[in-house]
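Quick notes on the structure that follows.
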Amino acid sequence: MRAIGIILAGGNSYRMKELSSKRAVCAMPIAGSYRSIDFALSNMTNSHIQKVAVFTQYNAGSLNEHLISSKWWNFGRKQGGLFTFTPSVTAENNFWYRGTADAMAQNLSFLKNSHEPYVVIASGDCVYKMDYNKVLEYHVAKKADITVVCKDMPANVNVDRFGTVKMNEESRIEEFEEKPVVAKSNTISCGIYVVRRRQLIEMIEKCAEEDRYDFVKDILIRYKNMKRIYGYKLTDYWRNIATVDDYFETNMDFLKPETRDYFFKQYPDIYSKVDDLPPAKYNPGAQVRNSLVSSGTIINGTVEDSVIFKETYIGNNCYIKNSIILNDVYIGDNTHIENCIIESHDTIRANSYYVGENEIKIVVERNDRYVI
Amino acid sequence: MIKKEMIAMLLAGGQGSRLGVLTSKVAKPAVSFGGKYRIIDFPLSNCINSGVDTVGVLTQYQPLRLNTHIGIGIPWDLDRNIGGVTVLPPYEKITNSEWYTGTANAIYQNIDYMESYNPEYVLILSGDHIYKMDYEVMLDFHKEKGADVTIAVMPVPMEEAKRFGIMITDEDHKITDFEEKPEHPRSNLASMGIYIFNWKTLKEALLANAQQPGLDFGKHVIPYCHDNGKPLYAYEFNGYWKDVGTLHSYWEANMELIDIVPEFNLYEEYWKIYTKSEILPPQYLSDTSFVERSIIGEGATICGKVYNSVIGCGVTIGKDTVVRDSIIMNNTVIGENCELNKAIIAENVVVGDEVRLGIGEEAENETDPHIYNNGIVTIGEKSVIPNGITVGKNTCIFGKTDDSDYPEKFLASGKTLIKEGDNK
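Note that the protein sequences, when read in sequence, are chains A and B. Going by numbering that gives the first Met the number 0, the first residue of the first sequence is number 0, and it counts up by one from there. Going by numbering that gives the first Met the number 0, the first residue of the second sequence is number 0, and it counts up by one from there.
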């Protein structure tokens with residue numbers, strides 16, 4: 000293979016509210032049985048990238064647990080493999096990762112000791128399918144220094160949390176703004192980059208010398224007139240999940256047949272850690288409509304327009320609508336839940352009532368659970 | 000030096016002919032069970048949960064699906080540097096090349112495999128029962144009693160005892176005598192086909208009886224050990240144990256999984272059952288679906304109504320279809336407006352629209368009444384049933400069928416329609 004992979008998975012996001020208080024955004028459960036980082040990891044392995052580094056920092060526990068065996072993504076190999084880099088104190092350095100470029104600088108040996116000519120950098124908080132080889136071919140054809148994967152967002156979408164780009168007719172990026180207050184363009188950067196490995200090392204080293212730490216601000220934006228930075232337009236499904244609303248809507252997208260068909264049925268597959276859970280069980284009283292249900296779940300009540308993650312128990316006479324129930328939640332009898340995200344490992348007492356008015360409500364409820 | 004205290008030998012070569020077309024292309028241990036599992040997952044999971052990490056799987060009949068399923072043992076954590084799972088098919092030798100001619104003969108032909116692990120004890124298992132059992136507890140019993148051979152037994156109702164191999168024991172659980180399918184049983188302790196042998200005893204008995212045609216544990220090896228004065232003990236097991244050897248018992252065991260609190264509970268954290276999962280996505284239930292008293296595997300799409308059924312992974316059930324008391328295995332597609340009653344449908348079957356299965360009065364099956372009975376409709380893997388067909392009870396369909404196979408779009412109760420496989 001001609002490239003190695005880097006997945007930036009360090010981030011926290013205040014936009015995720017309580018959901019990110021115990022896990023990195025990249026470890027967010029998606030679509031019933033996946034986690035956010037599965038999409039980037041599966042894309043890497045499906046693009047035949049054999050050597051992948053994951054940079055983590057914020058609340059890495061949940062993510063590390065997910066990545067503990069790399070064999071689910073076909074990385075448990077003698078050649079290459081999956082490398083997880085958390086910040087560590089060394090003789091030269093005792094800082095956390097101060098930014099994405101700093102994360103790479105602190106682990107420069109990973110880049111230096113590889114022999115593949117290119118690097119694919121992706122972030123772990125996006126849901127999409129992509130053959131990175133196509134971007135790489137484009138990168139080579141354009142004789143680019145850096146290729147940035149971009150997407151045109153619909154005019155009504157607020158892009159102020161993304162980097163926005165403007166390209167000329169040859170697709171060379173002429174303007175790049177990070178989180179603009181007033182965006183000049185609705186084309187955003189997807190946080191996926193292809194760059195020649197030696198070029199990247201050189202730029203990262205330069206950055207580190209100047210005490211600059213951010214890949215977007217200190218490399219892409221500063222170098223955009225000097226280096227040949229090109230945009231590659233992504234037209235298929237792509238979504239960043241790093242706000243509560245985006246997270247909610249991304250999950251709800253999977254209730255649409257076309258989204259399920261694209262991700263679940265069409266080649267290539269998305270892989271995830273296998274949990275060995277029994278089939279979902281529907282007891283008398285269960286009534287499920289337009290919902291996704293994952294394995295290990297037991298349903299006794301009514302569920303509509305919702306995504307139920309793994310190992311959930313839904314009691315008798317419950318009514319759940321337009322909600323996301325994360326992993327291992329116990330919901331007592333006669334509970335009403337509407338427009339909510341129920342945090343994983345929650346125990347909801349019987350006769351509870353949770354309704355998100357005007358916005359999606361995040362429910363974190365740690366009652367005692369009695370397990371027989 | 001390699002040393003394993005106990006290794007397991009799992010007999011998975013049997014055809015299981017009483018499962019009819021379900022086993023025409025796969026060995027019985029590879030038949031689906033409980034939505035996402037295969038029968039062999041239960042003994043394999045028991046092994047790893049009991050700390051037995053070296054398992055030889057003896058295959059013979061239609062091993063392809065079994066080999067693919069087992070692979071290098073990843074789902075059961077049986078991919079080990081030393082030990083792990085090894086598939087052991089019969090092989091050619093300079094003289095006396097033969098198939099596995101009996102249960103003990105299969106073990107005899109693999110003496111070298113067992114010897115290479117230098118075990119103290121060898122656990123003999125069969126790949127066609129549904130149960131959870133801690134073999135380590137049985138081994139403790141074996142050691143405590145100072146037994147040479149321990150046979151797992153379970154109490155059965157006295158009137159059923161004549162269908163089993165029966166052990167007669169003294170108050171210390173020592174086996175004093177045994178009878179194979181006795182007319183007038185003297186005990187109700189039935190052998191479960193699970194044995195722990197001291198390796199030395201087993202090896203000696205296998206070598207001494209090597210020339211015995213069809214060398215069998217129940218018929219030859221156990222009696223030989225008993226006659227030579229070896230101490231034999233019966234280990235009584237009182238948990239759930241189900242032989243799924245007939246279509247009806249297979250159907251019943253599946254249906255027991257959907258009880259509100261099933262006797263055989265797959266939902267316990269402790270003692271998980273592992274299987275190879277190819278399909279990960281969650282299942283989708285549409286606006287028009289209704290599911291009650293059923294279990295459904297990953298990736299299924301349900302648009303119809305499902306009652307009292309076990310649905311495998313990746314199954315599609317069309318709109319306005321009603322499924323009752325049925326078992327549908329992985330990746331089968333059922334069209335719209337169908338009605339399914341007490342059907343067992345194997346993997347990758349395509350059932351068209353407006354198909355009705357299990358309709359009308361029962362009639363005895365004309366070809367194999369001992370296999371296809373109790374009103375069950377059985378459909379073999381990769382079969383195709385065209386639109387608008389009505390099928391009676393105690394029927395069997397196997398192969399790609401078209402309208403010309405169904406005069407007046409109808410297959411009467413008791414008919415067998417086989418277009419695929421060796422006995423078509």
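Virtual Cβ for every residue (Gly too), placed ideally from N, Cα, C.
### Query
Quick one: Cα of Y353 (chain A) to Cα of G34 (chain B), how far?
On the first sequence, position 354 is the one that residue 353 (chain A) refers to. On the second sequence, position 35 is the one that residue 34 (chain B) refers to. So the alpha carbons of these two residues sit roughly 34 angstroms apart.
### Query
Which first and last residues belong to the alpha helix (DSSP H) in which E257 (chain A) is found?
Reading the first sequence from its first residue, position 258 is the one you call residue 257 (chain A). Element bounds for E257 (chain A): 256 to 259.
### Query
Skipping 5 residues on each side, what residues in its chain have a beta carbon closer than 7 angstroms to that of V273 (chain A)?
For the purposes of this step, residue 273 (chain A) is taken as residue 274 along the first sequence, with counting starting at 1. These residues qualify, in order along the chain: W71.
### Query
Buried or exposed: which applies to P28 (chain B), given that a residue is buried once 16 or more other Cβ atoms fall within 10 Å of its Cβ?
Taking the first residue of the second sequence as position 1, residue 28 (chain B) is located at position 29. Classification for P28 (chain B): buried.
### Query
Cβ atoms of T315 (chain B) and V290 (chain B): under 8 angstroms apart, would you say?
As a working mapping, residue 290 (chain B) is identified with position 291 in the second sequence. As a working mapping, residue 315 (chain B) is identified with position 316 in the second sequence. Not closer than 8 angstroms, so no.
### Query
Near L284 (chain B), what residues of its chain come up, given a Cβ to Cβ distance below 7 angstroms and the 5 sequence neighbours on each side ignored?
For the purposes of this step, residue 284 (chain B) is taken as residue 285 along the second sequence, with counting starting at 1. Counting only Cβ-Cβ distances below 7 angstroms, and skipping sequence neighbours, we find V290, I301.
#### Entry: Ordered list of beta strand (DSSP E) runs contained in the segment 308 to 385 of chain B, each at least 3 residues
321 to 323, 338 to 340, 342 to 344, 376 to 378
### For L279 (chain B) and T366 (chain B), the rounded distance between their alpha carbons
Position 367 of the second sequence, counting from 1, holds the residue named residue 366 (chain B). Position 280 of the second sequence, counting from 1, holds the residue named residue 279 (chain B). Going from the Cα of T366 (chain B) to the Cα of L279 (chain B) covers about 40 angstroms.
### Task
Note down the Cα distance separating K304 (chain B) from R292 (chain B), rounded to an integer number of angstroms.
Walking along the second sequence from the start, residue 304 (chain B) turns up at place 305. Walking along the second sequence from the start, residue 292 (chain B) turns up at place 293. Cα to Cα, the separation comes out at about 11 angstroms.
### Task
Excluding the 5 residues preceding and the 5 following P153 (chain A) in the sequence, name in chain order all residues of the same chain whose CB lies nearer than 6 angstroms to its CB.
Within the first sequence, the letter at position 154 stands for residue 153 (chain A). There are no such residues.
### Contacts of K320 (chain A) in chain B (Cβ-Cβ under 9 angstroms)
In the first sequence, the residue the question calls residue 320 (chain A) occupies position 321. Simply none; closest approach about 13 angstroms.
### Message
If distances are taken between C-alpha atoms only, which option among B:M0, B:N347, B:I358, B:I47 comes closest to T389 (chain B)?
### Response
Sequence index remark: in the second sequence, residue 389 (chain B) carries index 390 (1-based). The shortest Cα separation from T389 (chain B) among B:M0, B:N347, B:I358, B:I47 belongs to B:I358.
#### Entry: Residue closest to L203 (chain A), alpha-carbon to alpha-carbon, out of A:T249, A:A102, A:V292, A:P277
As a position in the first sequence, residue 203 (chain A) is number 204, starting the count at 1. For the sequence presented, residue 203 (chain A) should be read as Ile rather than Leu. Nearest option by C-alpha distance: A:A102.
### Query
In chain A, which residues lie less than 9 angstroms from I294 (chain B) when you measure between Cβ atoms?
Looking up residue 294 (chain B) in the second sequence gives position 295. Chain A residues near I294 (chain B): P277, P278, A279, K280, Y281.
### Task
Confirm, please, whether the CB-CB distance from A189 (chain B) to M153 (chain B) is below 8 angstroms.
For this step, residue 153 (chain B) is matched to residue 154 along the second sequence. For this step, residue 189 (chain B) is matched to residue 190 along the second sequence. Cβ atoms of M153 (chain B) and A189 (chain B): closer than 8 angstroms.
### Task
Please state if the CB of A11 (chain B) and the CB of I39 (chain B) are separated by a distance shorter than 8 angstroms.
Locating residue 39 (chain B) in the second sequence gives position 40, counting from the first residue. Locating residue 11 (chain B) in the second sequence gives position 12, counting from the first residue. Cβ atoms of I39 (chain B) and A11 (chain B): closer than 8 angstroms.
### Query
Hey, does P62 (chain B) have any beta-carbon neighbour from chain A nearer than 8 angstroms?
On the second sequence, residue 62 (chain B) is found 63 positions in, with the first residue counted as 1. For P62 (chain B), the answer is no, since every Cβ of chain A falls outside 8 angstroms of its Cβ.
### Message
I'd like the span of the beta strand (DSSP E) that includes R196 (chain A), first residue to last.
### Response
Numbered from its first residue, the first sequence carries residue 196 (chain A) at position 197. Premise fails: R196 (chain A) lies in the alpha helix (DSSP H), 196 to 208, not in any beta strand (DSSP E).
### Query
Should G334 (chain B) and G351 (chain B) be called a contact, given that it needs their Cβ atoms to be closer than 8 angstroms?
Position 335 of the second sequence, counted from the start, is the residue given in the question as residue 334 (chain B). Position 352 of the second sequence, counted from the start, is the residue given in the question as residue 351 (chain B). Yes, these two residues count as a Cβ contact at 8 angstroms.
### Task
Enumerate in chain order the residues of its own chain whose CB-to-CB distance from Y107 (chain B) is below 7 angstroms, with the five nearest sequence positions on each side excluded.
Position 108 of the second sequence, counting from 1, holds the residue named residue 107 (chain B). Around Y107 (chain B): L205, A209, L214.
### Message
Can you tell me whether C224 (chain B) is helix, strand or coil according to DSSP?
### Response
Start at 1 with the first residue of the second sequence, and residue 224 (chain B) comes out as number 225. C224 (chain B): helix per DSSP, three-state reduction.
### Query
Buried or exposed: which applies to N112 (chain A), given that a residue is buried once 16 or more other Cβ atoms fall within 10 Å of its Cβ?
Residue numbering aside, residue 112 (chain A) sits at position 113 when the first sequence is read from its first letter. N112 (chain A) should be labelled exposed.
### Query
Checking contacts by CB at 8 angstroms: is V287 (chain A) closer than that to chain B?
Residue numbering aside, residue 287 (chain A) sits at position 288 when the first sequence is read from its first letter. By this cut-off, V287 (chain A) is an interface position.
### Query
Mind pulling the beta strand (DSSP E) runs of 3 or more residues that sit fully within the segment 234 to 321 of chain A?
237 to 239, 279 to 281, 286 to 288, 290 to 292, 301 to 303, 318 to 320
### Message
Looking only at its chain, what residues have a beta carbon closer than 7 angstroms to the beta carbon of Y192 (chain A), apart from the 5 residues adjacent to it on each side?
### Response
Indexing the first sequence from 1 puts residue 192 (chain A) at position 193. Within the same chain, Y192 (chain A) has close Cβ partners I120, I145, T146, V147.
### Query
Are I366 (chain A) and G355 (chain A) touching if we call contact CB-CB under 8 angstroms?
Residue 366 (chain A) sits at position 367 when you count from the first residue of the first sequence. Residue 355 (chain A) sits at position 356 when you count from the first residue of the first sequence. Inspection of the sequence shows that residue 366 (chain A) is occupied by Asn rather than by Ile. In this structure, G355 (chain A) does not lie closer than 8 angstroms to N366 (chain A) by Cβ.
### Task
State whether the segment 29 to 46 of chain A contacts the segment 121 to 138 of chain A, with contact taken as three or more CB pairs (one from each stretch) at a distance under 8 angstroms.
yes
### Query
Would you report the Cα separation of T102 (chain B) and G238 (chain B), rounded to the nearest angstrom?
Here residue 102 (chain B) refers to the residue found at position 103 when the second sequence is read from its first residue. Here residue 238 (chain B) refers to the residue found at position 239 when the second sequence is read from its first residue. Approximately 25 angstroms between the Cα atoms of the pair.
### Message
If the criterion is Cβ atoms closer than 8 angstroms, does the pair T334 (chain A) and N321 (chain A) meet it?
### Response
Along the first sequence, one-based indexing puts residue 334 (chain A) at 335. Along the first sequence, one-based indexing puts residue 321 (chain A) at 322. In this structure, N321 (chain A) does not lie closer than 8 angstroms to T334 (chain A) by Cβ.
### Message
To be precise: take each residue of the segment 246 to 275 of chain A, compare its Cβ to all Cβ atoms of chain B, and keep it if any distance is under 7 angstroms. Which residues remain?
### Response
R259, F263, S271, V273, D275
### Query
Closer than 8 angstroms, Cβ to any Cβ of chain B: which residues of the segment 12 to 34 of chain A, in chain order?
A30, G31, S32, Y33
#### Entry: Top-ranked residue by Cα proximity to F196 (chain B), from B:I165, B:F163, B:G145, B:Y130
Locating residue 196 (chain B) in the second sequence gives position 197, where the first residue counts as 1. Among B:I165, B:F163, B:G145, B:Y130, the Cα nearest to that of F196 (chain B) belongs to B:G145.
### Query
Hey, would you say G420 (chain B) sits closer than 8 angstroms to S23 (chain B), going by beta carbons?
The residue given as residue 420 (chain B) occupies position 421 in the second sequence. The residue given as residue 23 (chain B) occupies position 24 in the second sequence. The answer is yes: Cβ separation under 8 angstroms.
### Query
Going along the chain, which unbroken runs of the beta strand (DSSP E) with 3 or more residues stay wholly within the segment 14 to 75 of chain A?
50 to 54
### Query
Using 8 angstroms as the limit for Cβ to Cβ distance, is K502 (chain B) near chain A?
No information on residue 502 (chain B) is available, as it lies outside the stretch 0 to 423 that chain B covers here.
### Task
For S276 (chain B), return the contacting residues in chain A, with the cut-off set at a CB-CB distance below 7 angstroms.
Within the second sequence, residue 276 (chain B) is the residue found at index 277, counting from 1. Chain A residues near S276 (chain B): V273.
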